Amino acid sequence: MTPNVVLPRTGIGIDVHAFAPENDPQPLWLGGLFWEGEQGLSGHSDGDCVAHAAADALFSACGIGDLGTHFGTDRPEFAGASGVKLLGEAARIVRAAGFEIGNVAVQFVANRPKFGPRREESQRVLTAAADAPVSVTATTSDGLGFTGRGEGISAVATALVYPVSGREAASAEPGPAKGAPHG
Ligand SMILES: [Zn+2]
């Protein structure tokens, strides 16, 4: 006999981007915000590893693949898209797959930028994109590893989703994974 409860599902996502080299400076986009005067991250997208990890965790929670599955070469309209746009589309896909989003929590590891003063602003932007609560925290790695050496930023995210009965799941089935890096 099936118990009459709706079990939530958790997911996890990790994303890493290197800082752009000094001879090819890029603007920094992180947590859905532009950081004026800060060294940017490299990648074909805006390199917003906070938003990317959040989107990946949503897909993970639903068991419907990952960023490469949904934003690979078969969806060229998302090539170079902002992290905020990807997160919004991820949330749409998740809902189309028959889930509602409980919340997403992201933590990034970096020496810079100084996040505290803009944390609430970042959370507002990402929460609006996902139309669900997104919290963002930051930490350092005590000088250790690539984040400690200032070579890049890593982010890890968890997401909680729950199935919504009556929603059609078929419309969100991803195509065959192309295995493309999302940049
Ligand atoms: Zn990324």
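Heads up, our numbering is the position in the sequence shown plus 72, with the first residue counted as 1.
Just so it is clear, CB atoms sit at the ideal spot from N, CA and C, and this is done for glycine as well.
If you're wondering where the values come from, they're calculated on a predicted model, not measured in any experiment.
Does DSSP put I136 in a helix, in a strand, or in coil? Collapsing the DSSP output to three states places I136 in coil.
Check whether the Cβ of H142 sits closer than 7 Å to any heavy atom of ligand 1, and report yes or no. Not under cutoff, so the answer is no.
Quick one: residues in its chain with C-beta nearer than 6 Å to the C-beta of I84, no 5 flanking neighbours on either side, listed in chain order? Taken in chain order, the residues that qualify are A129, S132 and T230.
Could you check what DSSP says for A153 in three-state terms: helix, strand or coil? Correct three-state label for A153: coil.
I'd like to confirm something about H89: is its beta-carbon nearer than 7 Å to some heavy atom of ligand 1, or not? For ligand 1, at least one heavy atom lies less than 7 Å from the Cβ of H89.
Separation of C121 from G152, as counted between CA atoms: Rounded to whole angstroms, G152 and C121 show a C-alpha spacing of 13 Å.
Thinking C-beta only, is A90 closer than 8 Å to G215? Result no, Cβ atoms of G215 and A90 do not sit closer than 8 Å.
Distance, Cα to Cα, F187 vs N76? Roughly 43 Å separates the two Cα atoms.
Would you mind stating whether L113 and L100 have Cβ atoms separated by less than 8 Å? Yes, Cβ-Cβ distance for L113 and L100 is below 8 Å.
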